[in-house]
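Here is the structure we will look at.
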Amino acid sequence: SMLKVALFAKKKIDRMAKYFSSLDVFTTFISALCHDVEHPGLTNAYHINSQSDLALRYNDQSVLENHHAHIAALLMKKPNCDILSGLTSEQRKKFRKTMISTILQTDMSVHQSIVAKFQNFLRQSEEFLGDDCKQFLVESLVHLGDLSNPVMDWPMSFEWARRVIQEFYHQSLREKYQGLPVAGMEDKQPQSVSKVQTGFIDFIVTPLWKSACTLVPELDDRFEILQVNRQNWVEYGETAMCPPPVSKQC
1 SMLKVALFAK KKIDRMAKYF SSLDVFTTFI SALCHDVEHP GLTNAYHINS
51 QSDLALRYND QSVLENHHAH IAALLMKKPN CDILSGLTSE QRKKFRKTMI
101 STILQTDMSV HQSIVAKFQN FLRQSEEFLG DDCKQFLVES LVHLGDLSNP
151 VMDWPMSFEW ARRVIQEFYH QSLREKYQGL PVAGMEDKQP QSVSKVQTGF
201 IDFIVTPLWK SACTLVPELD DRFEILQVNR QNWVEYGETA MCPPPVSKQC
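Going by the UniProt record's numbering, 142 is the number at position 142 of the sequence shown; the sequence numbering is gapless.
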């Protein structure tokens with residue numbers, strides 16, 4: 001769904017495309033593709049609390065995101081994966097700088113900062129998009145993609161949420177077994193899932209996507225789907241049944 005949103009947004013932001021080079025676009029797609037590479041299905045909190053090898057390697061700082069960027073770089077060093085072979089030395093440096101920063105910005109600990117920056121960005125003129133602004137737009141687009149599950153049609157949104165909930169539940173079991181603080185989800189009952197999902201939509205997803213829609217009104221249809229999905233989660237909590245989908249059966 002990450003690449004789907006990136007492709008969708010690219011088609012919609014034609015009025016801003018003139019500010020981005022082909023390298024900018026290429027870097028955005030590769031960052032989106034690699035932003036979760038070799039994800040272990042456990043959160044940063046688990047790695048830090050358990051003092052895992054990854055947490056020790058990255059000094060508890062954006063543990064997973066640093067790992068994703070590292071693995072992506074290693075993959076691109078392989079002869080059969082050297083997708084940067086046609087770039088100049090300067091282009092490679094720019095690509096690497098942007099990709100690393102973009103992947104690190106998918107750490108949810110910086111989410112509120114991104115939303116605040118988005119609000120400030122909306123007050124700027126498009127005619128003055130410097131390198132810093134372009135970098136921020138690339139980071140924001142990938143972060144939007146990372147939080148795109150709730151704006152997808154209900155069948156896909158429900159399925160991805162179910163998988164994430166399953167991951168969190170398994171993490172909570174591991175945390176209990178190891179005597180760690182429980183950061184995962186302990187309860188998979190519909191009422192609990194509904195509460196978590198509506199809270200996620202209200203406090204995390206909505207502020208970010210509302211800002212994105214202000215910048216790019218063509219994304220409004222995604223925001224409408226978000227509101228439909230929120231109501232579907234409310235109904236799921238009340239009935240313990242998958243609500244009627246937007247387009248096809250669950």
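C-beta: ideal position from N, C-alpha, C; glycine also.
Predicted model, so just to flag it, every value in this text is computed and none were measured.
*Taking three-plus beta-carbon pairs below 8 Å as touching, is the stretch 194-208 in contact with the stretch 64-78?*
no
*Can you tell me the Cα-Cα spacing of D220 and D82, whole angstroms?*
38 Å
*Which term fits Y177, buried or exposed, when burial requires 16 or more other beta carbons within 10 angstroms of its beta carbon?*
For Y177, the number of other beta carbons within 10 angstroms of its own is below 16, and it is reported as exposed.
*asked:* Quick check on this structure: which residue in I48, K77, L208 and A32 has the alpha carbon closest to the alpha carbon of L122?
replied: L208
*asked:* So within the stretch 25-60, which uninterrupted alpha helix (DSSP H) runs reach at least 4 residues, ignoring any that extend past its ends?
replied: Listed in chain order, the complete alpha helix (DSSP H) runs (minimum 4 residues) inside the stretch 25-60 are 44-50 and 53-57.
*List the endpoints of the continuous alpha helix (DSSP H) containing P190.*
P190 to F200
_8 Å CB neighbourhood of I114 in its chain, flanking five on each side removed_ = Cβ-Cβ distances below 8 Å link I114 to Q105, E139, S140, H143 and L208 in the same chain, with the five nearest sequence neighbours on each side left out; the list follows chain order.
*asked:* Assuming V37 and I71 are in contact, meaning their beta carbons sit under 8 Å apart, how far apart are those beta carbons, in whole angstroms?
replied: 5 Å
*Which listed residue (T206, R230 and L23) has its alpha carbon closest to that of S157*: R230
*Should T88 be labelled buried (16 or more other beta-carbon atoms within 10 Å of its own) or exposed?*
exposed
*Going along the chain, which residues of its own chain have a beta-carbon closer than 7 Å to the beta-carbon of A240, five neighbours each way excluded?*
P190
*asked:* Please report the straight-line C-alpha distance between W154 and E238, rounded to a whole angstrom.
replied: 17 Å
*With distances taken Cα to Cα, identify the nearest neighbour of T187 among L173, S101 and G179.*
Thr is not the amino acid found at residue 187; the sequence shown has Asp there. Comparing Cα positions, the closest option is L173.
*In chain order, which continuous runs of the beta strand (DSSP E) of length 3 or greater are located wholly inside the stretch 156-189?*
none
*Could you name each continuous alpha helix (DSSP H) segment of 4 residues or more that falls completely within the stretch 80-156, going from the start of the chain to the end?*
89-104, 111-121 and 131-146
*If we ignore side chains and look at the alpha-carbon of each, how far apart do G199 and V205 end up?*
9 Å
_Using CA atoms only, rank isn't needed, just tell me which of G179, R57, I100 and N59 is closest to I30._
Checked all of G179, R57, I100 and N59; the closest Cα to I30 is I100.
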